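Using our numbering, you'd call the opening residue of the sequence shown number 32 and step up by one each time. Using N, Cα and C, we set each Cβ at its ideal position, and we do this for glycine too. Since this is a predicted model, take the numbers as computed values, not measurements.
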Amino acid sequence: MKLEHVKSILYLFLAILFFSCESSDDSIENSKMGLAEIKATATSGSWLVARFEEDQVDQTSNFSGYSFTFNTDGVLNADKEDQQITGSWSITSDSSSNEDESNDDSSSDDSSSDDDDSSDDVDFNIFFSSSSKLEELSEDWEIVSYTDTRIELKHISGGDGSIDILVFEKE
(Lines of atoms letter the chains of each structure in order from A and count residues from 1; the text may use other names and numbers.)
(Lines give C-alpha, C1' and ligand atoms only; values in the text may rest on other atoms or scores of the structure.)
Protein backbone atom coordinates (compact mmCIF):
# COMPACT_ATOMS: atom_id res chain seq x y z
CA MET A 1 0.00 0.00 0.00
CA LYS A 2 2.82 2.39 0.87
CA LEU A 3 4.55 1.60 -2.45
CA GLU A 4 1.42 2.61 -4.41
CA HIS A 5 1.32 5.93 -2.53
CA VAL A 6 4.98 6.62 -3.42
CA LYS A 7 4.30 5.74 -7.08
CA SER A 8 1.33 8.13 -7.16
CA ILE A 9 3.44 10.97 -5.78
CA LEU A 10 6.21 10.18 -8.26
CA TYR A 11 3.78 10.23 -11.23
CA LEU A 12 2.29 13.51 -10.02
CA PHE A 13 5.75 15.05 -9.71
CA LEU A 14 6.72 13.89 -13.22
CA ALA A 15 3.49 15.29 -14.68
CA ILE A 16 4.11 18.68 -13.06
CA LEU A 17 7.70 18.68 -14.30
CA PHE A 18 6.61 17.81 -17.85
CA PHE A 19 4.00 20.57 -18.07
CA SER A 20 6.27 23.22 -16.57
CA CYS A 21 8.98 22.48 -19.15
CA GLU A 22 6.49 22.76 -21.98
CA SER A 23 5.33 26.26 -21.02
CA SER A 24 8.96 27.42 -20.86
CA ASP A 25 9.40 26.35 -24.47
CA ASP A 26 6.29 28.35 -25.38
CA SER A 27 7.69 31.53 -23.81
CA ILE A 28 10.89 31.16 -25.84
CA GLU A 29 8.83 30.81 -29.03
CA ASN A 30 6.77 33.88 -28.06
CA SER A 31 10.02 35.77 -27.47
CA LYS A 32 11.27 34.81 -30.94
CA MET A 33 8.01 36.03 -32.51
CA GLY A 34 8.36 39.32 -30.60
CA LEU A 35 11.91 39.78 -31.87
CA ALA A 36 10.76 39.40 -35.48
CA GLU A 37 8.01 41.96 -34.88
CA ILE A 38 10.43 44.47 -33.36
CA LYS A 39 12.84 43.96 -36.26
CA ALA A 40 10.04 44.54 -38.78
CA THR A 41 9.12 47.76 -36.99
CA ALA A 42 12.71 49.06 -36.89
CA THR A 43 13.39 48.30 -40.56
CA SER A 44 10.13 49.84 -41.78
CA GLY A 45 11.48 53.31 -42.47
CA SER A 46 13.65 56.18 -41.29
CA TRP A 47 13.80 57.30 -37.66
CA LEU A 48 14.92 60.37 -35.75
CA VAL A 49 16.06 60.73 -32.15
CA ALA A 50 13.11 62.25 -30.30
CA ARG A 51 14.84 62.00 -26.90
CA PHE A 52 18.28 61.14 -25.62
CA GLU A 53 18.95 61.51 -21.92
CA GLU A 54 22.27 60.49 -20.37
CA ASP A 55 22.86 60.77 -16.61
CA GLN A 56 19.60 62.76 -16.33
CA VAL A 57 20.88 65.37 -18.82
CA ASP A 58 18.85 65.96 -21.99
CA GLN A 59 21.21 65.66 -24.96
CA THR A 60 18.61 65.25 -27.69
CA SER A 61 19.91 68.29 -29.59
CA ASN A 62 23.22 66.46 -30.25
CA PHE A 63 21.32 64.26 -32.72
CA SER A 64 19.16 66.91 -34.37
CA GLY A 65 19.00 66.50 -38.14
CA TYR A 66 20.12 62.86 -38.20
CA SER A 67 17.95 60.31 -39.98
CA PHE A 68 18.55 56.70 -38.86
CA THR A 69 17.87 53.69 -41.07
CA PHE A 70 18.03 50.17 -39.59
CA ASN A 71 18.75 47.77 -42.46
CA THR A 72 17.79 44.08 -42.37
CA ASP A 73 21.45 43.05 -42.77
CA GLY A 74 22.45 44.67 -39.46
CA VAL A 75 23.85 47.88 -40.96
CA LEU A 76 22.73 51.12 -39.31
CA ASN A 77 22.98 54.30 -41.39
CA ALA A 78 22.78 57.77 -39.88
CA ASP A 79 22.42 60.55 -42.45
CA LYS A 80 22.65 64.29 -41.85
CA GLU A 81 22.70 66.57 -44.89
CA ASP A 82 25.64 65.28 -47.00
CA GLN A 83 27.22 63.24 -44.18
CA GLN A 84 26.65 59.51 -43.61
CA ILE A 85 27.85 57.56 -40.56
CA THR A 86 27.62 53.78 -40.65
CA GLY A 87 27.28 51.52 -37.63
CA SER A 88 25.61 48.23 -36.79
CA TRP A 89 22.57 47.08 -34.88
CA SER A 90 20.94 43.89 -33.69
CA ILE A 91 18.15 42.66 -31.48
CA THR A 92 18.91 39.92 -28.97
CA SER A 93 16.99 38.15 -26.26
CA ASP A 94 18.69 36.88 -23.14
CA SER A 95 15.96 34.24 -22.81
CA SER A 96 17.08 32.69 -26.11
CA SER A 97 20.72 32.33 -25.05
CA ASN A 98 21.64 35.74 -26.53
CA GLU A 99 20.95 34.25 -29.92
CA ASP A 100 20.69 37.05 -32.47
CA GLU A 101 17.21 36.85 -33.91
CA SER A 102 17.45 40.14 -35.75
CA ASN A 103 20.01 39.63 -38.46
CA ASP A 104 20.90 36.70 -40.66
CA ASP A 105 24.65 37.35 -40.55
CA SER A 106 26.95 37.95 -37.60
CA SER A 107 27.54 41.65 -37.85
CA SER A 108 30.05 43.03 -35.39
CA ASP A 109 28.48 43.93 -32.11
CA ASP A 110 30.99 45.22 -29.61
CA SER A 111 28.44 46.19 -27.01
CA SER A 112 28.60 44.24 -23.80
CA SER A 113 25.73 43.27 -21.59
CA ASP A 114 26.77 45.23 -18.53
CA ASP A 115 23.32 46.28 -17.47
CA ASP A 116 21.48 45.09 -14.40
CA ASP A 117 18.34 44.09 -16.26
CA SER A 118 16.48 40.81 -15.91
CA SER A 119 17.78 37.72 -17.64
CA ASP A 120 14.87 37.56 -20.09
CA ASP A 121 14.96 41.08 -21.51
CA VAL A 122 15.15 41.97 -25.19
CA ASP A 123 18.09 44.19 -26.12
CA PHE A 124 18.27 46.63 -29.01
CA ASN A 125 22.03 46.77 -29.62
CA ILE A 126 23.55 49.80 -31.36
CA PHE A 127 27.22 50.19 -32.23
CA PHE A 128 29.07 53.13 -33.77
CA SER A 129 32.88 53.32 -33.71
CA SER A 130 34.42 55.28 -30.86
CA SER A 131 35.61 57.97 -33.28
CA SER A 132 32.05 58.60 -34.45
CA LYS A 133 29.95 61.57 -33.35
CA LEU A 134 27.24 59.01 -32.59
CA GLU A 135 29.34 56.81 -30.28
CA GLU A 136 27.17 57.89 -27.32
CA LEU A 137 24.36 55.77 -28.77
CA SER A 138 26.51 52.60 -28.72
CA GLU A 139 24.89 50.48 -26.04
CA ASP A 140 22.84 47.38 -25.33
CA TRP A 141 19.50 49.13 -24.91
CA GLU A 142 16.55 47.42 -23.24
CA ILE A 143 13.33 47.79 -25.21
CA VAL A 144 10.80 49.52 -22.97
CA SER A 145 8.02 49.78 -25.56
CA TYR A 146 7.45 50.13 -29.26
CA THR A 147 4.72 51.00 -31.74
CA ASP A 148 4.77 51.42 -35.52
CA THR A 149 5.98 55.01 -35.03
CA ARG A 150 7.97 54.99 -31.77
CA ILE A 151 10.69 52.87 -30.12
CA GLU A 152 11.50 53.60 -26.46
CA LEU A 153 14.77 52.25 -25.06
CA LYS A 154 16.67 52.46 -21.78
CA HIS A 155 20.08 51.43 -20.52
CA ILE A 156 20.99 50.87 -16.88
CA SER A 157 24.67 51.45 -16.25
CA GLY A 158 26.49 48.58 -14.60
CA GLY A 159 28.80 51.05 -12.88
CA ASP A 160 26.64 53.59 -11.08
CA GLY A 161 23.13 52.37 -11.91
CA SER A 162 22.22 55.54 -13.81
CA ILE A 163 19.52 55.21 -16.45
CA ASP A 164 19.97 56.50 -20.00
CA ILE A 165 16.94 56.94 -22.25
CA LEU A 166 16.77 56.82 -26.05
CA VAL A 167 13.57 57.31 -28.02
CA PHE A 168 13.30 56.97 -31.80
CA GLU A 169 10.28 58.32 -33.69
CA LYS A 170 9.47 57.56 -37.30
CA GLU A 171 10.03 60.42 -39.74
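Review point. Which one of V106, L66, F94 and A71 has the shortest CA to CA distance from I157?
Key: Indexing the sequence shown from 1 puts residue 157 at position 126. When only C-alpha atoms are compared, the closest one is V106.
Exercise for review: Let me know if V153 comes out buried or exposed under the rule of 16 or more other beta-carbons within 10 Å of its beta-carbon.
Suggested key: What you label residue 153 is simply residue 122 of the sequence shown in a count that begins at 1. With 16 or more other Cβ atoms within 10 Å, it is buried.
Exercise for review: Measure the C-alpha to C-alpha separation of S162 and R181 and round it to an integer number of angstroms.
Suggested key: Mapped onto the sequence shown, residue 162 falls at position 131. Mapped onto the sequence shown, residue 181 falls at position 150. Each residue's Cα considered, the two are about 28 Å apart.
Point to revise | Contact set for S169: own chain, Cβ-Cβ below 7 Å, skip 5 residues either direction | key: What you label residue 169 is simply residue 138 of the sequence shown in a count that begins at 1. Closer than 7 Å at the Cβ level, and outside the excluded window around S169, lie S142, I157, F158 and F159.
Check your understanding: If you drop the 5 nearest sequence neighbours on each side, which residues of the same chain put their C-beta closer than 8 Å to that of R82?
Key -> Stepping through the sequence shown from its first residue, residue 82 is reached at position 51. Result list for R82: D89, T91, I196, L197 and V198, in chain order.
**Study point:** Proximal residues to F94 (C-beta, below 7 Å), its chain only, five neighbours per side dropped
**Key:** Position 63 of the sequence shown, counted from the first residue, corresponds to residue 94. Only V80 and F83 meet the Cβ criterion.
Practice item. Please name the residue, chosen from S188, D86, T72 and S193, that lies closest to T103 on a Cα-to-Cα basis. Key: The count along the sequence shown starts at 1 and reaches residue 103 at position 72. Of S188, D86, T72 and S193, the residue nearest in Cα terms is T72.
Check your understanding: Fully enclosed by the region 147–180, which alpha helix (DSSP H) runs are 4 residues long or longer?
Key -> none
Review point. Among the residues of its own chain, which have a CB less than 8 Å from the CB of W78, if the five just before and after it don't count?
Key: Mapped onto the sequence shown, residue 78 falls at position 47. Only S98, F99, T100, F101, I182, F199, E200, K201 and E202 meet the Cβ criterion.
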